[in-house]
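Everything in the sequence shown is counted per our numbering, starting at 116 for the first residue and increasing by one.
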Amino acid sequence: MERIRSNDYIALATEAEEQTALFRYASCELSRYPMLDALAHVPNGGYRHKSEGARLKVQGVRRGYPDILLDYPACDKHGLRIELKRVKNYQIKHEQKEWIYKLNANGYAAVFCFGWWHAWEVIEAYITGDRARIEKEISASLSKATGGRITKLED
């Protein structure tokens, strides 16, 4: 299979399409990276009836928690958390910013990604141990989460 290059990327219309593309691509990479078996989606977002939202809340759903999880330790982190956004016309909610900050403060790599290809590049950097790239992504995400006030957490 010919590898996709970042300049081949075309922005998709919705976050759901971006996420579907990411998981389809990741499934093709399982033989190279078996730890991708631990890549999962948390269906926290979306529009639901009030009663359904209340039921999910008492079951532990948390507003703003990142969409994508990779429960695999790498780069001196417990795991990877990604809040996936469309490339254009995205909105970052306050609760999402709070989770990105909290998860990074608690030893996870938690980042905002814009488009499925960006998310894939972050996942690949994480599982191959590219600490410099992961720290750069964490720094950019902390900056977005804190309005530029914090780009690095103290050890």
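Note that CB positions come from ideal geometry on N, CA and C, so glycine has one too.
Proximity test, residue i beta-carbon vs the ligand MG heavy atom, cut-off 7 Å
| i | result |
| --- | --- |
| K192 | In the structure shown, the ligand MG is absent, as is every other ligand, since no ligand is present at all. |
Span of the alpha helix (DSSP H), counted from its first residue to its last, around residue i
| i | result |
| --- | --- |
| K200 | Careful: K200 lies outside any alpha helix (DSSP H), inside the beta strand (DSSP E) at 195-200. |
| L154 | Not the alpha helix (DSSP H): L154 falls in the beta strand (DSSP E), residues 154-156. |
| E140 | The residue asked about is misnamed: residue 140 is Tyr in this sequence, not Glu. Where Y140 is concerned, the enclosing alpha helix (DSSP H) stretches over 130-143. |
| Q206 | It is not in any alpha helix (DSSP H) - Q206 carries neither H nor E in the DSSP assignment. |
| L257 | 246-260 |
Buried or exposed (CB count within 10 angstroms, at least 16 for buried), residue i
| i | result |
| --- | --- |
| R147 | exposed |
| L154 | buried |
| V237 | buried |
| E133 | buried |
| L268 | exposed |
| S272 | Because the chain in this structure spans residues 116 to 270, residue 272 falls outside the shown range and cannot be described. |
| N219 | buried |
| M116 | Low per-residue confidence applies at M116: pLDDT is 48, beneath 50, and the placement is therefore not dependable enough to give any value. |
| A189 | buried |
| G263 | exposed |
| A169 | exposed |
| A141 | buried |
Contact belief for residue i with residue j at Cβ below 8 Å, rounded distance in angstroms
| i | j | result |
| --- | --- | --- |
| E250 | V226 | Actually they are not in contact, since the Cβ atoms of E250 and V226 sit about 10 Å apart, beyond 8 Å. |
| A136 | L145 | Going by Cβ atoms, the distance from A136 to L145 rounds to 16 Å, so no, they are not a contact pair. |
| Y216 | T261 | 7 Å |
Beta carbon of residue i nearer than 8 Å to that of residue j
| i | j | result |
| --- | --- | --- |
| V157 | D186 | no |
| I197 | A247 | no |
| R178 | T129 | no |
| Y223 | K259 | no |
| N159 | V176 | yes |
| L199 | C228 | yes |
Limits of the beta strand (DSSP E) - the one that residue i falls within
| i | result |
| --- | --- |
| I183 | 183-185 |
| A224 | 224-229 |
query = On the three-pair Cβ rule with 8 Å, is the region 240-247 touching the region 204-213?
reply = They do not touch, by the three-pair rule.
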